[in-house]
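Report on one structure; see the data block that follows.
Protein chains: 2
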Amino acid sequence: MAANSALRRKSPWAGREARTREREVKREAVLRTAVTLFNERGFHATSIDDVATALNITKPTIYHYFANKDEILFECVRRGIDSIQQAGLAAEKKGGSAMERLCAYMREYAIVVTTDFGICVTRTADHELSAAARKRFRASKREIDRAISRVVEEGMIDGSIATGDPRLMTFTLTGSLNWIAQWFDPKGALSPEDVADGCVATLVQGLAPRR
Amino acid sequence: MAANSALRRKSPWAGREARTREREVKREAVLRTAVTLFNERGFHATSIDDVATALNITKPTIYHYFANKDEILFECVRRGIDSIQQAGLAAEKKGGSAMERLCAYMREYAIVVTTDFGICVTRTADHELSAAARKRFRASKREIDRAISRVVEEGMIDGSIATGDPRLMTFTLTGSLNWIAQWFDPKGALSPEDVADGCVATLVQGLAPRR
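Top to bottom, those sequences are chains B and Z.
So the number in our numbering is just where the residue sits in the first sequence, counting from 1, plus 39.
So the number in our numbering is just where the residue sits in the second sequence, counting from 1, plus 39.
Here you go:
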């Protein structure tokens, strides 16, 4: 065992673990560069060549990690969707009234939407994805809407949320949160947390003064 | 004069007025068909040929009305932007407290966003437009945001709107309104007016119950 590991240390090739790790790091770099370009120029205007050039590598190297541009886009939106769903699970775990859980969810949702993968989720039109990816993307978005709508309904029962049409209320709040991706400026005066808190406060308290 | 007009009536060619009207009707048909396709498939996936085929005409006929696809898209978003701005002017004319004017504006804004040209405004990414069109598009959107923000500030002064960051509150409400374009289903149970009223009610009253 000891001899074996001493031998391995002398090899100029990385071990299996290190290779897997290195591959992950590189795949991640492709995704992060691609999502920035998609968000800036749009999916259609970004070529695999653009991504390769930005990373100082060749197009075939990209194909070592992803089959095509569609797969890269899907992986980008999947990351964003996952983060939003994680935010929902974390909020449920915290417990409290439906309004408390909804606020915790909305705050984290808003913060995700200021990140590159979150921006990509809100800016990607269904028709930009391949048929199979589109189906999964739509299903995930519907799941998120339904999860939020469920909390809203619970709030109508426990009295922490105003009564109304839960679906319409869900779209009203997710609209505000998703729209952050359109106007948030990472170089602006407001941090993602400031934006999240302000947006959630307006949604919860309403535009009318409370007396 | 009478003889002249009698002569004209015998001509198989339409008069100047009729020709202008006919041209307008045809140009309008191109726009309405194009905006439907842009909204369904996206701008990039729609070709001038697709628009021509849908209208049962040839590509050169389209070029009789528009120089290129960019010009068609810009005209579509301009229509939507115009309708939103008209809604703002109409709301200001009605008068009342800042909240009353804001509510009137939000309601009409929401209804515009359920129409094809309104949907096109919210779905068109800046980078899809040509450089010159993009500049005008962005400027118009900024103008709308500023106009709403002004009413919000007025409401903080006249006491009809809760205090807060007017810009952040503006983005929170326009986000909800713009997002309607993403989920509104013209074949669904809710009419544009139902959606507008429900969305405005949630924004004004907030998610928290008023006691």
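Using N, Cα and C, we set each Cβ at its ideal position, and we do this for glycine too.
Report back the beta-carbon spacing between residue 234 of chain B and residue 149 of chain B to the nearest angstrom; my notes put them in contact at under 8 Å. As a position in the first sequence, residue 234 of chain B is number 195, starting the count at 1. As a position in the first sequence, residue 149 of chain B is number 110, starting the count at 1. Correct: roughly 6 Å between the Cβ atoms.
Would you kindly work out how many angstroms separate the C-alpha atoms of residue 157 of chain Z and residue 178 of chain Z, rounded to a whole number? For the purposes of this step, residue 157 of chain Z is identified with residue 118 of the second sequence, where counting begins at 1. For the purposes of this step, residue 178 of chain Z is identified with residue 139 of the second sequence, where counting begins at 1. Residue 157 of chain Z and residue 178 of chain Z have their alpha carbons spaced roughly 17 Å apart.
Can a CB atom of chain Z be found closer than 8 Å to the CB of residue 225 of chain B? As a first step, residue 225 of chain B is located in the first sequence; it is residue number 186 there, counting from the start. With 8 Å as the cut-off, residue 225 of chain B does not count as an interface residue toward chain Z.
Backbone CA spacing between residue 80 of chain Z and residue 166 of chain B [nearest angstrom]: Position 41 of the second sequence, counting from 1, holds the residue named residue 80 of chain Z. Position 127 of the first sequence, counting from 1, holds the residue named residue 166 of chain B. Each residue's CA atom was taken as its position, placing residue 80 of chain Z and residue 166 of chain B some 6 Å apart.
Between the segment 153–172 of chain Z and chain B, which residues of the former have a C-beta closer than 8 Å to a C-beta of the latter? From the segment 153–172 of chain Z, only 162, 164, 166, 167 have a Cβ closer than 8 Å to chain B.
Out of Z:250, Z:109, Z:68, which one is the CA nearest neighbour of residue 92 of chain Z? Within the second sequence, numbered from 1, the residue matching residue 92 of chain Z stands at position 53. Selected option, being the one with the closest Cα: Z:68.
Counting beta carbon pairs with one atom in the segment 239–246 of chain Z and one in the segment 191–206 of chain B, are three or more of them shorter than 8 Å? The segment 191–206 of chain B is in contact with the segment 239–246 of chain Z.
Start and end residues, alpha helix (DSSP H) containing residue 246 of chain Z: Residue 246 of chain Z sits at position 207 when you count from the first residue of the second sequence. Counted as a single uninterrupted DSSP element, the stretch harbouring residue 246 of chain Z is not any alpha helix (DSSP H), since DSSP gives it neither H nor E.
For residue 183 of chain B, which residues of its own chain have a beta-carbon under 8 Å away from its beta-carbon, when the five flanking residues on both sides are left out? The sequence position of residue 183 of chain B within the first sequence is 144, counting from 1. Hits under 8 Å: 120, 123, 124, 127, 213.
Our contact map puts residue 76 of chain Z next to residue 113 of chain Z with C-beta atoms below 8 Å; I'd like the distance itself, whole angstroms only. Taking the second sequence and counting its residues from 1, one reaches residue 76 of chain Z at position 37. Taking the second sequence and counting its residues from 1, one reaches residue 113 of chain Z at position 74. About 16 Å separates the beta carbon of residue 76 of chain Z from that of residue 113 of chain Z, a gap too long to meet the 8 Å contact definition.
Helix, strand or coil: how does DSSP classify residue 224 of chain B here? As a working note, residue 224 of chain B is residue 185 in the first sequence. The answer is coil: DSSP assigns residue 224 of chain B none of H, G, I, E or B.
Buried or exposed, going by whether 16 or more other CB atoms sit within 10 Å of the CB of residue 100 of chain B? Position 61 of the first sequence, counted from the start, is the residue given in the question as residue 100 of chain B. Per the 10 Å Cβ criterion, exposed.
Residues of chain B with CB under 7 Å from residue 80 of chain Z, in chain order? By one-based count along the second sequence, residue 80 of chain Z stands at place 41. The contact set of residue 80 of chain Z on chain B, defined by CB atoms closer than 7 Å, consists of 166 in chain order.
Considering Cα atoms alone, identify which of B:132, B:111, B:143, B:187 is closest to residue 172 of chain B. In the first sequence, residue 172 of chain B corresponds to position 133, counting from 1. Scanning B:132, B:111, B:143, B:187 for the CA closest to the CA of residue 172 of chain B turns up B:111.
Taking 8 Å as the CB-CB cut-off, is residue 203 of chain Z touching chain B? Residue numbering aside, residue 203 of chain Z sits at position 164 when the second sequence is read from its first letter. Under the Cβ distance rule, residue 203 of chain Z counts among the residues neighbouring chain B, one pair being separated by less than 8 Å.
If contact is defined by three or more beta carbon pairs under 8 Å, each pair taking one atom from either stretch, is the segment 139–148 of chain Z in contact with the segment 198–217 of chain Z? Below 8 Å, enough C-beta pairs join the segment 198–217 of chain Z and the segment 139–148 of chain Z to call them touching: three or more.
Would you tell me roughly how many angstroms separate the C-alpha atoms of residue 135 of chain Z and residue 107 of chain Z, rounded to the nearest one? For this step, residue 135 of chain Z is matched to residue 96 along the second sequence. For this step, residue 107 of chain Z is matched to residue 68 along the second sequence. In this model, residue 135 of chain Z and residue 107 of chain Z are separated by some 44 Å (Cα to Cα).
Return the residues of the segment 97–117 of chain B that lie within a Cβ-Cβ distance of less than 7 Å from chain Z, sorted by chain order. The segment 97–117 of chain B vs chain Z, Cβ under 7 Å: nothing.
Should residue 85 of chain Z and residue 238 of chain B be called a contact, given that it needs their Cβ atoms to be closer than 8 Å? Residue numbering aside, residue 85 of chain Z sits at position 46 when the second sequence is read from its first letter. Residue numbering aside, residue 238 of chain B sits at position 199 when the first sequence is read from its first letter. Judged by their CB atoms, residue 85 of chain Z and residue 238 of chain B are not nearer to each other than the 8 Å cut-off.
Quick check: is the beta carbon of residue 76 of chain B nearer than 8 Å to any beta carbon in chain Z? The residue labelled residue 76 of chain B in the question sits at position 37 within the first sequence. So no, residue 76 of chain B is outside the interface.
Using the beta-carbon count (16 or more within 10 Å), is residue 57 of chain Z buried or exposed? Numbered from its first residue, the second sequence carries residue 57 of chain Z at position 18. That one is exposed.
Identify, in the order they occur along the chain, each residue of the same chain with its Cβ nearer than 7 Å to the Cβ of residue 97 of chain Z, setting aside the five sequence neighbours on each side. As a position in the second sequence, residue 97 of chain Z is number 58, starting the count at 1. Answer for residue 97 of chain Z: 91, listed in chain order.
Nearest chain B C-beta to residue 241 of chain Z closer than 8 Å, yes or no? The residue you call residue 241 of chain Z lines up with position 202 of the second sequence. Against chain B, the CB of residue 241 of chain Z has a partner CB under 8 Å away; the residue lies at that interface.
From residue 131 of chain Z to residue 154 of chain Z, what distance separates their C-alpha atoms? Reading the second sequence from its first residue, position 92 is the one you call residue 131 of chain Z. Reading the second sequence from its first residue, position 115 is the one you call residue 154 of chain Z. Roughly 22 Å between the two C-alpha positions.
Consult DSSP for residue 40 of chain B and reduce its assignment to one of helix, strand or coil. What you label residue 40 of chain B is simply residue 1 of the first sequence in a count that begins at 1. Annotation note: pLDDT 49 at residue 40 of chain B (below 50); position unreliable, coordinate value reported separately. Coil, per DSSP.
Using beta-carbon positions only, say whether residue 152 of chain Z and residue 161 of chain Z come within less than 8 Å of one another. For the purposes of this step, residue 152 of chain Z is taken as residue 113 along the second sequence, with counting starting at 1. For the purposes of this step, residue 161 of chain Z is taken as residue 122 along the second sequence, with counting starting at 1. Using a Cβ distance threshold of 8 Å, residue 152 of chain Z and residue 161 of chain Z count as a contacting pair.
Closest Cβ-Cβ distance between residue 85 of chain B and chain Z: below 8 Å? Mapped onto the first sequence, residue 85 of chain B falls at position 46. For residue 85 of chain B, the answer is no, since every Cβ of chain Z falls outside 8 Å of its Cβ.
Closer than 7 Å by beta-carbon distance: list the chain B residues that pair up with residue 244 of chain Z, in chain order. If you number the second sequence from 1, residue 244 of chain Z lands on position 205. Those within 7 Å of residue 244 of chain Z in chain B are 201, 245, 247.
Can you check whether the C-beta of residue 210 of chain B is within less than 8 Å of a C-beta belonging to chain Z? Here residue 210 of chain B corresponds to residue number 171 of the first sequence, with the count starting at 1. Chain Z places a beta carbon closer than 8 Å to that of residue 210 of chain B, counting this residue as a contact.
Neighbourhood of residue 236 of chain B by C-beta, 8 Å cutoff - its chain only, sequence neighbours within 5 removed: Here residue 236 of chain B corresponds to residue number 197 of the first sequence, with the count starting at 1. Counting only Cβ-Cβ distances below 8 Å, and skipping sequence neighbours, we find 146.
Other residues of its chain near residue 159 of chain B: CB distance less than 7 Å, five sequence neighbours each side excluded: Position 120 of the first sequence holds residue 159 of chain B. So the qualifying residues of the chain are 74, 77, 78, 115, 116, 119.
Expressed to the nearest angstrom, what Euclidean distance is found between the alpha-carbon atoms of residue 196 of chain B and residue 72 of chain B? What you label residue 196 of chain B is simply residue 157 of the first sequence in a count that begins at 1. What you label residue 72 of chain B is simply residue 33 of the first sequence in a count that begins at 1. Their Cα atoms are separated by approximately 45 Å.
Continuous alpha helix (DSSP H) assignments of at least 4 residues falling wholly in the segment 88–162 of chain Z: Whole alpha helix (DSSP H) segments, 4+ residues: 98–102, 108–133, 137–151, 155–162.
When you compare each of B:207, B:83, B:95, B:64 to residue 109 of chain B by their alpha carbons, which one comes out closest? Along the first sequence, read from residue 1 onward, the residue named residue 109 of chain B stands at position 70. Residue B:83 holds the alpha-carbon nearest to the alpha-carbon of residue 109 of chain B among B:207, B:83, B:95, B:64.
Short CB-CB distance (under 8 Å) between residue 188 of chain B and chain Z: Reading the first sequence from its first residue, position 149 is the one you call residue 188 of chain B. Chain Z, which has no Cβ nearer than 8 Å to the Cβ of residue 188 of chain B, makes this no.
Is there a C-beta anywhere in chain Z that falls below 8 Å from the one on residue 213 of chain B? Position 174 of the first sequence holds residue 213 of chain B. It does: the Cβ of residue 213 of chain B has a partner Cβ on chain Z nearer than 8 Å.
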